[in-house]
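Following: one structure in structure tokens, then a few remarks.
2 protein chains.
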Amino acid sequence: MKSTIITIGDEILIGQILDTNSRYISQSLNRLGVVVAERTSIGDNAEQIVSTLDRALAATDIVIITGGLGPTKDDITKHTLARYFDSELVYNEQVAEFVRELLGRRGIAFNDLNRGQAMVPACCTVLHNAHGTAPGMWFERDGKVVVSLPGVPFEMVHLMEDAVEPMLSEHFDLKAIVHRTMITSGIAESILAERIAAWEDALPKVLHLAYLPAPNVVRLRLSAYEVDGESVAQMIDEQFERLRAIIPEAVVGFEGATVEQLLHNIFISNNKTLSVAESCTGGNLAAKFTAMAGASQYFHAGVVSYSNEAKIDILGVNADDIARYGAVSESVAIQMAEGVRRVGQSDYAISTTGIAGPGGGSAAKPVGTVWIGIATPKGSFAVMKNCGTDRQQVIDRATAYAIKLLYDNL
Amino acid sequence: MKSTIITIGDEILIGQILDTNSRYISQSLNRLGVVVAERTSIGDNAEQIVSTLDRALAATDIVIITGGLGPTKDDITKHTLARYFDSELVYNEQVAEFVRELLGRRGIAFNDLNRGQAMVPACCTVLHNAHGTAPGMWFERDGKVVVSLPGVPFEMVHLMEDAVEPMLSEHFDLKAIVHRTMITSGIAESILAERIAAWEDALPKVLHLAYLPAPNVVRLRLSAYEVDGESVAQMIDEQFERLRAIIPEAVVGFEGATVEQLLHNIFISNNKTLSVAESCTGGNLAAKFTAMAGASQYFHAGVVSYSNEAKIDILGVNADDIARYGAVSESVAIQMAEGVRRVGQSDYAISTTGIAGPGGGSAAKPVGTVWIGIATPKGSFAVMKNCGTDRQQVIDRATAYAIKLLYDNL
Chain A
1 MKSTIITIGD EILIGQILDT NSRYISQSLN RLGVVVAERT SIGDNAEQIV STLDRALAAT
61 DIVIITGGLG PTKDDITKHT LARYFDSELV YNEQVAEFVR ELLGRRGIAF NDLNRGQAMV
121 PACCTVLHNA HGTAPGMWFE RDGKVVVSLP GVPFEMVHLM EDAVEPMLSE HFDLKAIVHR
181 TMITSGIAES ILAERIAAWE DALPKVLHLA YLPAPNVVRL RLSAYEVDGE SVAQMIDEQF
241 ERLRAIIPEA VVGFEGATVE QLLHNIFISN NKTLSVAESC TGGNLAAKFT AMAGASQYFH
301 AGVVSYSNEA KIDILGVNAD DIARYGAVSE SVAIQMAEGV RRVGQSDYAI STTGIAGPGG
361 GSAAKPVGTV WIGIATPKGS FAVMKNCGTD RQQVIDRATA YAIKLLYDNL
Chain B
1001 MKSTIITIGD EILIGQILDT NSRYISQSLN RLGVVVAERT SIGDNAEQIV STLDRALAAT
1061 DIVIITGGLG PTKDDITKHT LARYFDSELV YNEQVAEFVR ELLGRRGIAF NDLNRGQAMV
1121 PACCTVLHNA HGTAPGMWFE RDGKVVVSLP GVPFEMVHLM EDAVEPMLSE HFDLKAIVHR
1181 TMITSGIAES ILAERIAAWE DALPKVLHLA YLPAPNVVRL RLSAYEVDGE SVAQMIDEQF
1241 ERLRAIIPEA VVGFEGATVE QLLHNIFISN NKTLSVAESC TGGNLAAKFT AMAGASQYFH
1301 AGVVSYSNEA KIDILGVNAD DIARYGAVSE SVAIQMAEGV RRVGQSDYAI STTGIAGPGG
1361 GSAAKPVGTV WIGIATPKGS FAVMKNCGTD RQQVIDRATA YAIKLLYDNL
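So the sequences go chain by chain: A and B.
If you use the numbering used here, the first sequence corresponds to residues 1 to 410, in order.
If you use the numbering used here, the second sequence corresponds to residues 1001 to 1410, in order.
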């Protein structure tokens, strides 16, 4: 079964917001077994909505639309859909009551614009939006389905989970889509492709291989569309085992297991603990770990020692060493790691100190220079990395290097 | 002048990656004065690439394509474009030399696959990619332009800046696109729309108003497409001044000025300093400030006191109070803020302590319960907020609330 995702909103076309809805819906449909043939973003423009819908319904069976359901004049999706399906808008008492109650809890009066939100096309099935004022809508025509959802991400997510996913599974006879991604590191994409060419050529026709390169990492994804899920998942596992035998030194793990997730699992299963001291990464390193549920089992403390005083007072870095070697130095990186390992009472510690830019660089230490320190029960050391020229790039790369450096030295 | 953006890659359609390229290119084209009429993401599929290109060239004058230019078999964009433009692939010595040199620096041998990357359609203008092995390509037909760029985001960004933007400005006679966004807070979207209805109805026809609601914030954007930039920018300023007179209490500022950016500017211009102590936000609060260039002028220290020991040892929180009230409590939030204000030697401090979930909740303190503490030269206090049910949502909302709470209490 094939689908099209249409996200509506001028704010997408001018780049004011990042279209995360398309990604979420893609993942959701793939899990269900629905192939996403195309994703399209268009403006709040009735003509464009109609022509895109015509095209989507000609090529695919399922169309998921988000956006343009708000109470204001720039929101035209609902009126356009009503005309598209030759249906008139009718007042839905249940929607009105719920919106009145939802607004009442926030102390907001129900007005004419909210009344407008309770008007829905007579021909659609209303999908209850428990988290907002715009209901979702489910339309059917010739066995095909068009779903319209609000653009507010968490409202869309709840409607997908609570209504759209179960209804699609019920309405269509869906097969499985299987994706599995092996993470490799240390072999450049072109060299890797040469080494695994014979394996790639011998892959069963049902499996599609994709290369996903990133700095120092190439991810290899095997995909199969609309298949029997269990037998194909097993087939993919077997192929990846053969691949592992060809490039044993390069296999880092599988997706759903980023390096920080691998560390997270190791710390929990080995009952070890971690603290981090950050200068240039400014909290990002701590945030990578604390984003994962269960981090409180091993993550003791993070210190963002941005000022020299914080390095000295909180982490016990030697003031003379800062004066002698500079805050961005091997010595300070090591002392920061050892300091936070001590004050955080943890087994392992990571530190970062560098020049994120745009200011602060010099000929000897240009923007992007980052010292990463590691402290372990066996001792401590630091490594210098050049992490690029752009502030956010430096922060992201230093964070990634630091996590990988600890992983390689556990 | 109208354009279409096409991003190619199965990894987009299955939701494995977030399509940030489309957003970047949208912003870039808008700055140049090129209207983005549609954005489309399709798979690595020759038929789909051809039909999408046909449609894009029929409707618009400029087509920007990213993705599918790698050295491996799943990358088919270049071959498809060569056939589309009836052009054969020819070996480009300059590209080959550059790739050989680039790989050499990394100690990687130049192989047949890299040689394939130096093959380019004879009819195109090659765009030098200083940061990767796949060159960009510029095609022209009947005065219309098709540009193909690699999908690796930073390679695409450099090619847009260094080649595509100046070449488009040279090739087309472009007018201006103007967007300006006012940020309001504290008035619900439907109530706001009622209050400003007369102003909205009286807007000059060239200006388009959009409402962009988010939790506790409604952004109002005025846009004008393909106009004389200077006079329209002035017109927008005048309209926003009229609007400010209607809703003076709700105007927070303008986009390009998020609340953390406003704080950033205030701290720098008033020569005040900040430290933060985080439990549930786990480094995100520090990261929001340290992401901004110049943060080192006022951001002294962040402490991610995830464990109770870290709260006690680093921040000086009273162990008895943790036992009596719990780590997620008014008393601990205040002591964390005061503690980090002291050890960070700063004028202001923010703290967060809460239950991000999915575990750790109770009937009295469900997941999402967050205490936010503020310490200032005049004293300290804490506020409790329920920040939702999903771990990342709780982290993001608590971070946003904490920043706003400090802003409101400076």
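Note that beta-carbon positions come from the ideal geometry of N, C-alpha and C, so glycine has one too.
| Asked | Found |
| --- | --- |
| Do B:V1340 and B:K1311 have their C-beta atoms closer together than 8 Å? | no |
| Can you confirm whether the stretch 1043-1052 of chain B touches the stretch 1088-1105 of chain B when touching is taken to mean that 3 or more C-beta pairs between the two stretches lie within less than 8 Å? | no |
| So, helix, strand or coil for B:A1118, using DSSP? | coil |
| What residues from chain A crowd round B:Q1392, counting only those whose CB sits closer than 7 Å? | A291 |
| For chain B, is any of its Cβ atoms less than 8 Å away from the one on A:Q27? | yes |
| Below 8 Å between beta carbons: does that hold for A:V35 and A:T80? | no |
| So is B:A1082 in contact with chain A if we call contact Cβ pairs under 8 Å? | no |
| Tell me whether the beta-carbon of B:I1350 lies closer than 8 Å to the beta-carbon of B:M1160. | no |
| So A:A122 and A:E88 are in contact, right, with Cβ under 8 Å, and what is the actual spacing, rounded? | 6 Å |
| Could you pull the start and end residues of the alpha helix (DSSP H) that B:F1240 belongs to? | 1229-1246 |
| When you compare the CB of A:I191 with every CB in chain B, is at least one pair closer than 8 Å? | yes |
| Under a Cβ-count criterion, where at least 16 other Cβ atoms within 10 Å of its own Cβ denotes burial, should B:D1061 be classed as buried or exposed? | buried |
| Please tell me whether B:S1190 and A:N114 are closer than 8 Å, where the distance is taken between their beta carbons. | yes |
| Relative to the C-alpha of A:A323, which residue among A:D74, A:N308, A:Q335 is closest? | A:N308 |
| Leaving out the 5 sequence neighbours to the left and right, which residues in its chain are closer than 7 Å to A:S22 when beta-carbon positions are compared? | I5, T7, R39 |
| Return the CA-CA distance between B:A1295 and B:F1254, expressed in angstroms with no decimal places. | 20 Å |
| Count the C-beta pairs between the stretch 68-84 of chain A and the stretch 137-156 of chain A that are closer than 8 Å, then say yes if the count reaches three, no if not. | yes |
| Any residues in the stretch 302-313 of chain A with a beta carbon nearer than 8 Å to a beta carbon of chain B? Which ones, in chain order? | G302, V303, V304, S305, Y306, S307, E309, A310, D313 |
| Is there a C-beta anywhere in chain B that falls below 8 Å from the one on A:T77? | no |
| For B:H1179, does the three-state DSSP call read helix, strand or coil? | strand |
| To be precise: take each residue of the stretch 1159-1173 of chain B, compare its Cβ to all Cβ atoms of chain A, and keep it if any distance is under 7 Å. Which residues remain? | none |
| Where A:V206 and A:G143 are concerned, what is the direct C-alpha to C-alpha distance, given to the nearest angstrom? | 28 Å |
| Can you check which of these residues, B:A1198, B:P1166, B:A1193, B:V1227, is closest to B:L1212 by C-alpha distance? | B:A1193 |
| Whole-angstrom Cβ separation of A:P135 and A:V152, contact assumed at under 8 Å? | Actually they do not touch by this definition, with Cβ atoms about 13 Å apart. |
| If the cut is a Cβ gap below 9 Å, which residues of chain A does B:I1246 touch? | Within 9 Å Cβ-Cβ: nothing; B:I1246 doesn't reach chain A, min ~16 Å. |
| Which residues, in chain order, does the stretch 37-49 of chain A contribute to contact with chain B at a C-beta distance below 7 Å? | E38, R39, T40, S41, I42 |
| Which residue's Cα is closest to the Cα of B:T1184: B:G1361, B:A1286, B:S1275, B:R1195? | B:R1195 |
| What do you reckon, are the CB atoms on A:A398 and A:T352 nearer than 8 Å? | yes |
| Taking the straight line between their C-alpha atoms, what separation do you get for A:G70 and A:T133? | 8 Å |
| For B:I1065, which residues from the same chain have a beta carbon less than 6 Å from its beta carbon, with the 5 sequence-adjacent residues on both sides left out? | I1006, S1148 |
| What residue range does the beta strand (DSSP E) around A:H208 cover? | 208-214 |
| Cβ closer than 8 Å: which chain A residues qualify as neighbours of B:P1358? | A293 |
| Am I right that B:L1174 and B:M1001 are in contact with their C-beta atoms under 8 Å? What's the rounded C-beta distance? | 6 Å |
| For the candidate residues A:Q27, A:G379, A:P366, A:G15, whose alpha-carbon lies nearest to that of A:V157? | A:Q27 |
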